[in-house]
Amino acid sequence: MIEPTRPSEERAPPMEAVATIHPPSPPLEEVVERFWEAGAELETIPIRIEPPDQPMAVLEQLGPSPFPRGPFPLIGFLATTYEKVSRYALRRG
Amino acid sequence: MIIIHAIWTNSALHLLGERCAGAKDDGQPSSFDLEPSTLRQCLGDVCDSLLVSGATDSELTLHLPHDDGRPLPSWRQQPPSAEPGVESAERTISLQPCRVSTLAFTVADAVDLLSAGGRLRDVSGVDPLRNGNGNGNGDLCGGASLRYWRRVAWFVLELLARQRFVPSVHRTDQSQYMGFWRPVLDDEPTAHNLRILIASMPPVCRALGVPGSSLTAQPVQAASLVESFLWKAVDALVRRCLEGDELAHAISDPSREESSPSMRWLRALVGADPILAGPTHECAGVYESVTGWIAKLESPIRGGLFRTCFRLHPPQGADGPASALMSDPWRLTLHVEGSGDSSLVLEVSQLTERTSDQPRILPQPIDQAREQFRADLIRAARYFPPLVRDADAPIPSEIQLTLNEAYAFLRDAAPILESEGYGVQTPRWWQPDRPRLGMRLDIHPLEPDESVERSPMSFDALVAYDWRVSIGDEDVSLEELTEWAASNQSLVNFRGQWMEVQPPDMQKAVDFLKDKRSGRMTLFEALRQCYVADDLDSGIPVVGLRGEGWIDDLLCGADPNRRMDAIAPPEGFHGTLRPYQLSGISWLNFLSEVGLGACLADDMGLGKTIQLIGLWLHERQAGKTPGPTLLIVPTSLVGNWRREIARFGPSLKVMVHHGVERLSGPAFVEEVARLDVVISTYALTYRDFDHLSAVDWHRIALDEAQNIKNPSAKQSLAVRSMRSVQRVALTGTPVENRLSDLWSIMDFLNPGYLGTAADFRRRFAVPIERYRDAPRSQRLRQLIRPFVLRRLKSDPTIQVDLPEKMEMKVLCNLTGEQASLYKEVLANMIEQIDSADGIRRRGLILATLVKLKQICNHPAHFLGDGRIPSHRSGKSDRLTEMLEEVVAEGDGALVFTQYRKMGMLLKKILGGKLGVEILFLHGGCSLRQRDAMVERFQKAEGDVPVFLLSLRAGGFGLNLTAANHVFHFDRWWNPAVEDQATDRVHRIHQHKRVHVYKFMCIGTLEERIDTLLEGKRKLADSIVGSGEDWLTELSTDQLRDLFALSREAVEENGP
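This is the structure in structure tokens:
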């Protein structure tokens, strides 16, 4: 597990579940010569701020709510949230 | 020229400005001391000024390249010969801390800022290295780090636009739970782009360093920074989108009553505060449910030739498990097992050493197996990092864990790994049904001289109480709790068995026990402590009550294994009481002696009536005169009660307080004084309240006590305000499942015990009925157990007592309307019969019989007016009540009637009252319809619990074993026909006891013919073949006697 670079000053989402399977970063002293540069591959990442190929795909993967008798229809609430957030991101993009 | 750089610190994106004095590579040092106000002004010129004004002034210490103690400009190319830390001919380049001023943006504002169009995009798109002196956009340009985080911000928007995020929950190291929205990064295109993002991060982004750590030994990881930005940005932006959303607003509305764990999770997802409020165990439940749910998104391990397994072993002390120390290491051993055969388990050494007898579950060559195993291990390390402490080390066969790591494995990793397809073996003590810590209230009676001037056995009795913490049956000492609280560990060794505890809860429990561990109070107050346990803040859930002596008897109810004294069959009881009925009488008697109210809620047909009659007789043995009981019953049951008392307890002096000629005032009080039982009705409790409340009753008993379920109804208020030494409620409905009924009945029996209706609703009804809160349900069951006795026909102890088929007669009263119709028809027809002879006379007699039976069934059956409101027919009201109990129990019932017209009426009545579909099979149904109905009833599993049948169409040839209750709504007077109908249910493949109810109206021809046939059974048998024709042979006087309507037949609703 990688430690955060600095203790968070706010209540924040977790870091513990962050994937750690990426190659480790080299010490800074070893990369001073390109200290201010981004890797060339950065420019190869396509920018695709687009609607999902299949709306609500995550919800479909998740299946029924873990709280079927809960006071709110969780899946309905999430479906609304997905649509709303997706529209927001598309506007920003 | 000013160059803007961006640094992400896990909590904010910081922008800082680098002031460059000269042209490229002129050797002039850069200055990073740009004032925030200048930076703010520069940024305000190129991007949303509102966002810029929302940023806060801040400072960071960055490790930047220096040359001779001065920071090098970012756009300056390094001399090829310059090795880090190596002195070149002219200079030494090294990383040195540098304090810089910044503007800090929240992550949501940062995404807005970075993804915005306009001039900032132009600025950040300019590379000063390629742009000569960097004057790409006037005096301002963006560095690679700004461009980099801008690309990450777009990545975030891509995730959101493509709906790749999910709600989740996180547990902090302090055992606090937080709701948050996290990205879903597992699809291959996303994972690919993420890998590129991580690999191409400019080193300057990692210049912040870990406080107190060496940059070389513990470099900041690009993956950590990128993923932290993604997670926080996704969470912040989803919350921002939900601001102003109506549903989100409704969820976060603090005035809403719902406080279920799932609701609190939703609140933690939509509001500003991500903390998941509530007791630790409830939050842990949410955590397990949600993590298990979203684990479905991860790619399960499938298709391999074997699967990787983990087995956790607790430490063994020198003298066995009990001597294991908290500091002893735990072992996590690694294995592989065949994917199709879990019995084939291999040690890891068999993967790492080539042997001649290579196991058959392994692929060829063995290198592939090692690769798959290592890949599995690396994947598993995402959820449990200690699995791969050193990526370059050989595959281990076991891993040693600290106590904290072992707990993290059990709590967090094991469920996820299991859902991912790994094999996980946890110790037996970690199974879901493991004993857990619970708080228990022990209550002991005081010695007689200790409870001065108090009733020795009553709610007011002074008792000693003692709070204890236990695991299963073993008590935990205060010293042990204190030690656990101080250890600050979540796994503790309790007498050789490891178990989970929450140190903060342990401290609460210690504080609670030191303050309130034991004392004295009344029994009522002691039991109430258990009721209000939520308010005690004891840190540990209250799981039960335990008593000693008579309190133990009270708390255990009529459990046959307890030592409550069993009474002998009372003198004067005419009939046989089954053992469970004697046990019920003992229980009623015990509670009566203690002065507490009792609810006898046995299943329908188990004899609640005769148990109360037995109690009356028992109390009157040896010449005792305990005082009268006021028995309040539904109007339709007045006659039935009188008959039953006359039959089983004829020595009891009974008066029916009902009808226009009922007594009132002093005459009533005077008469009651010499009686044992006064039967009255719910309606009269309100109307005759002044008369009824003038008597000091020994007992008030309610039959069908659910009639007071509406606590504000006048009759409920009247019943609750009458004085008596003891109160009893009889009901056949499962009151523990109908909490509003339960509260009303308990408040009648033992006022105040379950608090106010609103309090009860908040503490129990809402959590149990709406959220299926099992622990609370268990606590309520314990609280009411002393006062509610419910035996089911299916109970093994009851089963052995009962015959396979039980028949009972259900006596119903006529309503006033039925009685007047009955009298009118009878007067008219008897006159005609008397003056007729031959075939006409026989026809008139049979017609009269039919009309009177129709009237007994329902006025609408006779009049054909189709009006079916309640209280028009005593029989249909009673049938409805009984079927409500059948449906509530999940049983099935057949209802037979001779008349198709009555069947249609019952279909409407029952459908409306029971709220379920009623099947009706009659002679007009086609064979196909008939088969379809039978099949549906047999397979419906409770969806269609009531099947109406006309006796002719459904009385034979069918197999309807899904029912175990048979109601004969009207009588054929032919036992063979009725038995044949009953046998639709009571036949092979019937696995339940069958209950048969034969309905008849009191004081009418129905009851008289039944009595006649019962009394002359041989005669009846001989006339079986002739149906009802034998009636036509009777003389007019005999007919008049047979058909006459007696006074007791009529129920009267008004004075």
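Line by line, the protein sequences are chains E and X.
The opening position of the first sequence corresponds to residue 2 in the working numbering, with each subsequent residue numbered one higher.
The opening position of the second sequence corresponds to residue 176 in the working numbering, with each subsequent residue numbered one higher.
We put the beta carbon where it would ideally sit given N, CA and C, even for glycine.
1. Counting only C-beta atoms, is ALA181 (chain X) closer than 8 Å to chain E at any point?
2. Kindly identify the DSSP beta-bridge partner or partners of ALA821 (chain X).
3. What does ALA125 (chain X) pair with, by DSSP beta-bridge criteria?
4. Can you pull the chain X residues whose beta carbon is under 9 Å from the beta carbon of GLU51 (chain E), in chain order?
5. Just checking: is the beta-carbon of SER276 (chain X) within a distance shorter than 8 Å of some beta-carbon in chain E?
6. Would you say GLU30 (chain E) reaches chain X, if we count a Cβ-Cβ gap shorter than 8 Å as a contact?
7. My understanding is that HIS241 (chain X) touches LEU247 (chain X), with C-beta atoms under 8 Å, so please give their C-beta distance in whole angstroms.
8. When the cut-off is 8 Å and only beta carbons count, does GLY467 (chain X) lie next to chain E?
9. What residue does the alpha helix (DSSP H) around ASN1134 (chain X) start on, and which one ends it?
10. With a cut-off of 8 Å, does the C-beta of GLU42 (chain E) fall near any C-beta of chain C?
11. Using a 10 Å radius around the Cβ and a threshold of 16 neighbouring Cβ atoms, would you call LYS968 (chain X) buried or exposed?
12. My understanding is that LEU226 (chain X) touches VAL331 (chain X), with C-beta atoms under 8 Å, so please give their C-beta distance in whole angstroms.
13. Is ASN663 (chain X) helix, strand or coil by DSSP?
14. Under 9 Å between beta-carbons, which chain X residues line up against GLU61 (chain E)? List them in chain order, please.
15. Which one or two residues does DSSP pair with PHE1231 (chain X) in a beta bridge?
16. Spell out a yes or no on whether the stretch 1145-1159 of chain X and the stretch 941-955 of chain X are touching, meaning 3 or more CB-CB pairs, one atom from each, closer than 8 Å.
17. Rounded to the nearest angstrom, what separates LEU787 (chain X) and ILE760 (chain X) at their Cα positions?
18. List the residues of chain X that ILE46 (chain E) touches, going by C-beta distances under 8 Å, in chain order.
19. With 16 as the cutoff for other CB atoms within 10 Å, does ILE182 (chain X) come out buried or exposed?
20. Identify the continuous beta strand (DSSP E) that holds LEU958 (chain X) and give its terminal residues.
21. CA-CA distance, ASP1066 (chain X) and GLY780 (chain X)?
22. Do ALA291 (chain X) and CYS222 (chain X) have their CB atoms nearer than 8 Å?
23. Starting from VAL465 (chain X), follow the alpha helix (DSSP H) in both directions and report where the run begins and ends.
24. Using the Cα positions of GLY94 (chain E) and CYS416 (chain X), report the straight-line distance between them to the nearest angstrom.
25. Is there a Cβ of chain E sitting closer than 8 Å to that of LEU1135 (chain X), yes or no?
26. In terms of residues, what are the limits of the alpha helix (DSSP H) holding ASP686 (chain X)?
27. Taking CB distances under 8 Å as the criterion, tell me whether GLY453 (chain X) reaches chain E.
28. Distance cutoff 8 Å, beta carbons only. Does MET2 (chain E) sit that close to anything in chain X?
29. Could you give the C-beta distance for PRO1120 (chain X) and VAL1091 (chain X), rounded to a whole number, given that I count them as a contact under 8 Å?
30. Answer with yes or no whether the minimum CB distance from LEU422 (chain X) to chain E is below 8 Å.
31. For ARG325 (chain X), count neighbouring Cβ atoms within 10 angstroms of its own Cβ and tell me buried if that reaches 16, exposed if not.
32. Starting from ALA940 (chain X), find everything on chain E with Cβ-Cβ shorter than 7 Å and list it in chain order.
33. Kindly say whether LEU190 (chain X), judged by its beta-carbon, lies nearer than 8 Å to any beta-carbon of chain E.
34. Report the residues of the stretch 236-253 of chain X with a CB closer than 7 Å to any CB of chain E, ordered along the chain.
35. Out of X:LEU585, X:ILE715, X:GLN672 and X:GLN677, state which residue places its alpha-carbon closest to the alpha-carbon of LEU616 (chain X).
36. Report the partner residues of HIS238 (chain X) according to the DSSP bridge assignment.
Judging by the given coordinates:
1. Taking the first residue of the second sequence as 1, we reach residue 181 (chain X) at position 6. False, the Cβ-Cβ gap to chain E never drops below 8 Å.
2. Here the question's residue 821 (chain X) lines up with position 646 in the second sequence. The partner list for ALA821 (chain X) (beta bridge, DSSP) is empty, contrary to what the question assumes.
3. Outside the displayed span of chain X (176 to 1230) sits residue 125 (chain X), for which this structure offers no information.
4. Numbered from 1 along the first sequence, position 50 holds the residue referred to as residue 51 (chain E). The answer, in chain order, is GLU333, ALA336 and ARG337.
5. Taking the second sequence and counting its residues from 1, the one referred to as residue 276 (chain X) is at position 101. No, SER276 (chain X) lies away from the interface with chain E (no Cβ there is under 8 Å from its Cβ).
6. For the purposes of this step, residue 30 (chain E) is taken as residue 29 along the first sequence, with counting starting at 1. So yes, GLU30 (chain E) belongs to the interface.
7. Here the question's residue 241 (chain X) lines up with position 66 in the second sequence. Here the question's residue 247 (chain X) lines up with position 72 in the second sequence. Contact holds; Cβ gap of about 7 Å.
8. Start at 1 with the first residue of the second sequence, and residue 467 (chain X) comes out as number 292. Closer than 8 Å: yes.
9. Numbered from its first residue, the second sequence carries residue 1134 (chain X) at position 959. Segment: none, ASN1134 (chain X) is in no alpha helix (DSSP H) and carries neither H nor E.
10. Going by chain labels, chain C is absent from the structure shown, which instead holds the protein chains E and X.
11. In the second sequence, residue 968 (chain X) corresponds to position 793, counting from 1. When all chains shown are included, LYS968 (chain X) counts as buried.
12. Along the second sequence, one-based indexing puts residue 226 (chain X) at 51. Along the second sequence, one-based indexing puts residue 331 (chain X) at 156. 16 Å between Cβ atoms; not a contact.
13. What you label residue 663 (chain X) is simply residue 488 of the second sequence in a count that begins at 1. Looking at ASN663 (chain X) - three-state DSSP - the assignment turns out to be coil, as it is neither helix nor strand.
14. As a working note, residue 61 (chain E) is residue 60 in the first sequence. Per Cβ cutoff of 9 Å: no residues; GLU61 (chain E) is ~10 Å from chain X at best.
15. Residue 1231 (chain X) lies beyond the stretch modelled for chain X, which goes from 176 to 1230, so this question has no answer here.
16. no
17. Numbered from 1 along the second sequence, position 612 holds the residue referred to as residue 787 (chain X). Numbered from 1 along the second sequence, position 585 holds the residue referred to as residue 760 (chain X). Cα to Cα, the separation comes out at about 7 Å.
18. Numbered from 1 along the first sequence, position 45 holds the residue referred to as residue 46 (chain E). Going along chain X in sequence order, the residues near ILE46 (chain E) (Cβ under 8 Å) are ARG326, PHE330, ASN368, ILE371 and LEU372.
19. Taking the second sequence and counting its residues from 1, the one referred to as residue 182 (chain X) is at position 7. Buried, because 16 or more other Cβ atoms sit within 10 Å of the Cβ of ILE182 (chain X).
20. Taking the first residue of the second sequence as 1, we reach residue 958 (chain X) at position 783. Careful: LEU958 (chain X) lies outside any beta strand (DSSP E), inside the alpha helix (DSSP H) at 949-959.
21. Position 891 of the second sequence, counting from 1, holds the residue named residue 1066 (chain X). Position 605 of the second sequence, counting from 1, holds the residue named residue 780 (chain X). Cα to Cα, the separation comes out at about 13 Å.
22. For the purposes of this step, residue 291 (chain X) is taken as residue 116 along the second sequence, with counting starting at 1. For the purposes of this step, residue 222 (chain X) is taken as residue 47 along the second sequence, with counting starting at 1. Result yes, Cβ atoms of ALA291 (chain X) and CYS222 (chain X) sit closer than 8 Å.
23. Position 290 of the second sequence, counted from the first residue, corresponds to residue 465 (chain X). Note, VAL465 (chain X): alpha helix (DSSP H), 455-469.
24. Locating residue 94 (chain E) in the first sequence gives position 93, where the first residue counts as 1. Locating residue 416 (chain X) in the second sequence gives position 241, where the first residue counts as 1. Rounded to whole angstroms, GLY94 (chain E) to CYS416 (chain X) spans 15 Å at the Cα level.
25. Stepping through the second sequence from its first residue, residue 1135 (chain X) is reached at position 960. Chain E, which has no Cβ nearer than 8 Å to the Cβ of LEU1135 (chain X), makes this no.
26. The sequence position of residue 686 (chain X) within the second sequence is 511, counting from 1. 678-691 is the span of the alpha helix (DSSP H), which, as asked, contains ASP686 (chain X).
27. One-based indexing of the second sequence puts residue 453 (chain X) at position 278. False, the Cβ-Cβ gap to chain E never drops below 8 Å.
28. Locating residue 2 (chain E) in the first sequence gives position 1, where the first residue counts as 1. Summary for MET2 (chain E): the model assigns pLDDT 27, below 50, so the residue's position carries little reliability; its value from the coordinates is reported in the next sentence. With 8 Å as the cut-off, MET2 (chain E) counts as an interface residue toward chain X.
29. Locating residue 1120 (chain X) in the second sequence gives position 945, where the first residue counts as 1. Locating residue 1091 (chain X) in the second sequence gives position 916, where the first residue counts as 1. Confirmed, Cβ separation roughly 6 Å.
30. Indexing the second sequence from 1 puts residue 422 (chain X) at position 247. At least one chain E Cβ lies under 8 Å of LEU422 (chain X).
31. Working through the second sequence from its first residue, we reach residue 325 (chain X) at position 150. It is buried - the Cβ of ARG325 (chain X) has at least 16 other Cβ atoms within 10 Å.
32. Sequence index remark: in the second sequence, residue 940 (chain X) carries index 765 (1-based). Within 7 Å Cβ-Cβ: nothing; ALA940 (chain X) doesn't reach chain E, min ~14 Å.
33. For the purposes of this step, residue 190 (chain X) is taken as the residue at position 15 of the second sequence. No, its Cβ sits nowhere closer than 8 Å to a Cβ of chain E.
34. HIS238, PRO240, SER249 and GLN253
35. Translated into the one-based positions of the second sequence, residue 616 (chain X) becomes position 441. LEU616 (chain X) has its Cα closest to that of X:ILE715, out of X:LEU585, X:ILE715, X:GLN672 and X:GLN677.
36. As a first step, residue 238 (chain X) must be located in the second sequence, where it is residue number 63. According to DSSP, HIS238 (chain X) bridges with X:PRO272.
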